[in-house]
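Undergrad: Supplied in structure tokens, the structure appears directly below.
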Amino acid sequence: MKSFVRNIHPQIIALIGAAAFFLLLILALVKGNLSSPHFQNLIGQPIQVYVHLVAALLTFGLGLVLFAAPKGNFPHRALGWVWSGLMLTVAASSLWITGLNGKTYSPIHLLSAWVLVILPVALVAARRHRVDIHSRIMTGVFLGAMILAGGFTFFPGRLLWRVLFAGSEG
Ligand code: HEM
């Protein structure tokens, strides 16, 4: 797995992310209510859900840009800090969100804890010019947390599924 992650080309990751996004978009167009999303299902959520959602969407979009663009230059470093702040916000805010497993934490919270620990390691690695470690961790975070946890967000019953696919009763 380690060497698999190490060998993935950054542009391929951007492509996987973009493909996941378009797949979801097509699914929402064909099966869902993309023409009239049920945004009313978003109303009345706790503040941490809004913080998590907005930070997650920004992290996803900016992540695609960072993977596709050249590395090591000023824009990459500046936007990388912004991305890391957003990603930490995504993981930290999720610690105040429960529901999948009643009022207790669900297995997805393990991803949050992992991100909170591993992301600072990736940042220290970048500061020390340990590019290999830095890129391996960031790739793992984007694929493992963003694509996995983000994709799982659209499963039946969850908030974004109710917005895109279910009726207002959902
Ligand atoms: C594009 C990416 C993401 C989106 C759109 C997203 C969206 C959401 C939303 C709307 C919720 C609250 C409503 C619900 O559970 O249905 C939620 C819950 C949660 N998210 Fe995310 N999220 C994303 C990425 C992540 C990432 C990267 C992590 C972890 C590092 C994460 C961890 C969690 C956790 C732990 C919960 C609470 C689950 C529970 O109820 O036990 N999410 N997410």
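According to our numbering, the sequence shown is numbered sequentially starting from 1.
Yeah, the Cβ is synthetic: ideal placement off N, Cα and C, and Gly gets one too.
All of these numbers come straight from a predicted model, not from anything done at the bench.
Closest by CA to H12, which one among I108, A68, L95?
TA: It should be pointed out that residue 12 corresponds to Ile in this sequence rather than to His. If we check each option's Cα against that of I12, A68 comes out closest.
Undergrad: Could you give the DSSP three-state label for H129: helix, strand or coil?
TA: Reduced to three states, the DSSP call for H129 is coil.
Undergrad: Restricting to Cα atoms, I'd like to know which of S112, W114, G44, S135 is closest to A122.
TA: Out of S112, W114, G44, S135, S135 has the C-alpha closest to the C-alpha of A122.
Undergrad: Distance check for L29 and R130, CA to CA, integer angstroms please.
TA: Whole-angstrom Cα-Cα distance: 43 Å.
Undergrad: Would V163 and P10 qualify as a contact pair, given that the criterion is a beta-carbon distance under 9 Å?
TA: No, the pair does not count as a contact, with Cβ atoms beyond the cut-off.
Undergrad: With contact counted as at least three CB pairs below 8 Å, one residue from each stretch, are the stretch 93-100 and the stretch 40-55 in contact?
TA: As far as the Cβ criterion goes, the stretch 93-100 touches the stretch 40-55, which means the pair count is three or higher.
Undergrad: Using a threshold of 8 Å, is the CB atom of R158 nearer than that to any non-hydrogen atom of the ligand HEM?
TA: Checking the Cβ of R158 against the ligand HEM gives yes.
Undergrad: Under the criterion of a Cβ to heavy atom distance below 8 Å, does V47 qualify as lining the ligand HEM?
TA: Checking the sequence, you will find Ile at residue 47 rather than Val. No, the Cβ of I47 stays beyond 8 Å of every heavy atom of the ligand HEM.
Undergrad: May I ask whether a heavy atom of the ligand HEM can be found less than 8 Å away from the beta carbon of M138?
TA: Outside the cutoff, so no.
Undergrad: Does the Cβ-Cβ distance between G17 and L64 come in under 9 Å?
TA: Yes, Cβ-Cβ distance for G17 and L64 is below 9 Å.
Undergrad: Please determine whether the Cβ atom of I246 lies at a distance below 8 Å from any heavy atom of the ligand HEM.
TA: With the chain represented from 1 up to 170, any question about residue 246 goes unanswered, as that position is not in the structure.
Undergrad: Would L86 pass as a contact of L66 if the rule is Cβ separation under 9 Å?
TA: Taking 9 Å as the Cβ cut-off, L86 and L66 do not qualify as a contacting pair.
Undergrad: Let me know if L104 comes out buried or exposed under the rule of 16 or more other beta-carbons within 10 Å of its beta-carbon.
TA: Note on residue identity: the sequence assigns Thr, not Leu, to residue 104. The residue in question, T104, is exposed, as its Cβ has fewer than 16 Cβ neighbours within 10 Å.
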